[in-house]
Amino acid sequence: MNPTRHLGASSFRRFSFAFGSLLAFAGLVGCQPEPGIEPANLVLHRGKIATVDDQNPEVEALAARQGVIVALGSNDDIAQWIGPDTEVIDLEGRLAVPGFIEGHGHFMGLGLSRIQLDLRQATRWQDILEQVAEAAESTPPGEWIRGRGWHQDKWTEIPQPQLEGFPLHDSLSSVAPDHPVLLVHASGHAAFVNAKAMELAGIDASTPDPEGGEILRDAAGQATGLLRETAQNLVRGAMGDGFLASPVEARRMAKLASEECIAKGITSFQDAGSSFEVADFLRQELDDGNVKLRLWMMIRAGNDALRENIGSYWQRSAEDPWLKVGAIKLSLDGALGSRGAWLLEPYSDAPESVGLNLVSLESARETAEIALANDVQIGIHAIGDRANREVLDIYEAVFEGQPAKDRRWRVEHAQHLHLDDIPRFGELGVIASMQAVHCTSDGPWVPERLGEQRTEDGAYVWQKLLQSGAVVTNGTDAPVEDVDPLASYYSAVTRRLNDGSLFYPDQVMGRHEALRSYTLDNAYAAFEEDTKGSLEVGKLADIVVLSQDILSVDAEQIPDTEIVYTIIDGEVVYRGKS
Ligand SMILES: [Zn+2]
């Protein structure tokens, strides 16, 4: 690699275009230090540094200056880079790896999840009612109570009365009669609301289902409180709370998301779908120092807005080491848990349903043409096997007749695949943007939805994809799952469910394979492998130091691993306790 190419993306935190200084510095990178050379700002030594660079996989020490790695080698090699002002970190034998890259998460959603009720631990509907009742006591009447993370399949008892396993709104309405309440499903693809929220949203028996969504109704036609997919927007519209409607709250959310990621060893975050306005807002938050990790963003917007703006956002951010607008995002189907994933054949546990198609194929094709015309990536959410096939068909059709090019278009989730479609990822150069932790969270109920055969053939088939030549990335879809990379890493290398059983373990990733999926492969999936994802001279000094060696420790100990240091741009931004 040519190290001088990458300095624009690293040395000047807030000033991407300081080319003069860049060139002056560039001449030094990669050279052996000479007498009088400027020492490093940061040295890590006496450790095991797994570089994720096949040419030089393991070293004891590294040196970084002005945010960029300038040398790697033995402790002796690196000693000469230490000057009087160098910060020297003694790794004491610990493992350092490239900073984790979250491959698919929702940055502002993660922040929001920290300021609303966390319903993930609820094992009964009654638990959720108690949380809401408590919140109602401390919230002024009329203000919204928001929660997220419930999942009916985690409940140990079925609520009564119920419809399709979901409660009816009356119980929720009675604990919070004066507050509108919105409780978002763990998947984000459904929400449960009370009477006050439906009143504000104008939902009653005569409200039609919006396109791509469903208001679940009882036998008498009354809304039960469950809103699937786009039906949630009826209530969100009534809230009037796009993330930026309350700037103070938005800033708090951004800060909380940044702090949580850094504490968990994440140095870059791939945001899977925000508006242009949120991209502008986050750029400002980086400038203000409120957000401290790097962002790569996919934009979710209507085709007209994309046609008008995506090219200029991409060009403007191309050299920005902190926030790049790299792709377009859209969702073709929903999630498996809420039976919104679009399947080729009906659900095994709901034979009348094949799931939901959220965006017409014509519109999705048009969006893909916009990506092609502007030379940006696109990431289309596809969970069900039908949705995945349709996305691959769209990509194939759009590429047809075009000059061969490295485009790295992505399928977000690629979760349930028909056997015939698995080799198409590698053939088309399409990235399977997957989240290992979904496999172990969802594993207990996937066979109910899909039946054993479809599950075995195509559910979270990392190895089948890798062996057919596809790039498989990793992440958490936070706040759907905890953003913790080590939890997803553990899932990737074990496929062990909470009950101790293994979910089709022939599909596990190896330890190094999983580390690569979380670092270099995620960087590749964003065209950032020249600056991120491995520890090499000339690349960004984004590094995480772990309390134990996740490449060799007993697998069952991996979840106990702690973050000792998170280093971004050559600076320690987080220090753990161990
Ligand atoms: Zn997502």
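All you need for the working numbering is the position in the sequence shown, starting with 1, plus 261.
Note that beta-carbon positions come from the ideal geometry of N, C-alpha and C, so glycine has one too.
Item                                                                                                                                                                         : Value
For K516, which residues of its own chain have a beta-carbon under 6 Å away from its beta-carbon, when the five flanking residues on both sides are left out?                : N551
On the criterion of 16 or more Cβ atoms from any shown chain inside 10 Å, does I376 qualify as buried, or is it exposed?                                                     : exposed
Ligand 1 and R587: does any heavy atom of the ligand fall closer than 8 Å to the residue's C-beta?                                                                           : Checking the displayed sequence, the identity of residue 587 turns out to be Gly instead of Arg. No; taking the cut-off as 8 Å, the Cβ of G587 has no heavy atom of ligand 1 nearer than that.
Considering only DSSP beta bridges, list what Y826 is partnered with.                                                                                                        : V806 and R836
On the premise that M514 lies in contact with G410, defined as a C-beta separation below 8 Å, what is that separation, rounded to the nearest angstrom?                      : Not really, about 16 Å apart at Cβ, beyond 8 Å.
Within 10 Å of its beta-carbon, does Q421 have 16 or more other beta-carbons around it, so buried, or fewer, so exposed?                                                     : exposed
If G598 sits next to H412, beta carbons under 8 Å apart, how far is it from one beta carbon to the other, in whole angstroms?                                                : 6 Å
Please tell me whether L406 and P428 are closer than 9 Å, where the distance is taken between their beta carbons.                                                            : Strictly speaking, residue 406 in this sequence is Ile, with Leu absent from that position. Going by C-beta atoms, I406 is not nearer than 9 Å to P428.
For E348, which of helix, strand or coil comes out of DSSP?                                                                                                                  : strand
Under the criterion of a Cβ to heavy atom distance below 8 Å, does A533 qualify as lining ligand 1?                                                                          : yes
Could you tell me if A480 is buried or exposed, where buried requires 16 or more neighbouring beta carbons within 10 angstroms of its beta carbon?                           : exposed
Within 10 angstroms of the Cβ of I828, are there 16 or more other Cβ atoms? Answer buried if so, exposed if not.                                                             : buried
Helix, strand or coil, according to DSSP, for Y608 in the structure here?                                                                                                    : strand
Judging by CA-CA distance, which residue of G831, V814 and K800 is the nearest neighbour of V313?                                                                            : K800
Going by the beta-carbon positions, is the gap between P705 and S609 smaller than 9 Å?                                                                                       : no
Decide if L443 is buried, meaning its Cβ has at least 16 other Cβ atoms within 10 Å, or exposed.                                                                             : buried
Between R381 and E418, is the Cβ-Cβ spacing less than 9 Å?                                                                                                                   : no
Between which two residues does the alpha helix (DSSP H) holding L373 run?                                                                                                   : F368 to S374
Are the CB atoms of V637 and V589 within a distance shorter than 9 Å?                                                                                                        : A small correction: the amino acid at residue 589 is Ile; Val does not occupy that position in the sequence shown. Yes, Cβ-Cβ distance for I589 and V637 is below 9 Å.
Looking only at DSSP bridge pairs, what is L424 linked to?                                                                                                                   : F427
I'd like to check one pair, P402 with D439: are the Cβ atoms closer than 9 Å?                                                                                                : yes
Hey, M770 and T734 are a contact pair by Cβ (cut 8 Å); roughly how many whole angstroms apart?                                                                               : That pair is no contact at about 11 Å.
Within 10 angstroms of its Cβ, does L543 collect 16 or more other Cβ (buried), or is it exposed?                                                                             : buried
Considering only the beta carbon of each residue, do G474 and T491 sit closer than 9 Å?                                                                                      : yes
Taking one C-beta from the segment 743-756 and one from the segment 456-465 each time, how about it: are there three or more such pairs within less than 8 Å?                : no
Shortest alpha-carbon distance to R668 belongs to which of H679, D682 and E688?                                                                                              : E688
Can you grab the Cα-Cα spacing for the pair G328 / K793, in whole Å?                                                                                                         : 12 Å
So, under 8 Å CB-CB, I641 and L584 are touching, yes? Tell me the CB distance rounded to an integer number of Å.                                                             : Going by Cβ atoms, the distance from I641 to L584 rounds to 22 Å, so no, they are not a contact pair.
Can you tell me whether R836 is buried or exposed? The criterion is at least 16 other CB atoms within 10 Å of its CB, across all chains shown.                               : exposed
At a cut of 8 Å, does the segment 779-786 reach the segment 335-347 through at least three beta carbon pairs?                                                                : no
Give me, in chain order, the residues of the same chain whose beta-carbon lies closer than 7 Å to that of K553; leave out the 5 immediate sequence neighbours on both sides. : S519, I523, I829 and V834
Around the C-beta of Q392, are 16 or more other C-beta atoms found within 10 angstroms, so that it is buried, or is it exposed?                                              : buried
Please tell me whether, using a cut-off of 8 Å, the distance from the CB of S367 to the nearest non-hydrogen atom of ligand 1 is below it.                                   : Here the sequence assigns His to residue 367, which means Ser is not the residue at that position. Answer for H367: yes, Cβ within range of ligand 1.
Taking F764 as part of the beta strand (DSSP E), name the residues at either end of that continuous run.                                                                     : Taken as a continuous stretch (DSSP letters only), F764 belongs to no beta strand (DSSP E), as it is neither H nor E.
Cutting at 6 Å between CB atoms, please list the residues of its own chain near V615, excluding the five before and the five after it.                                       : L604 and P607
Straight-line CA distance for Y826 to G366?                                                                                                                                  : 22 Å
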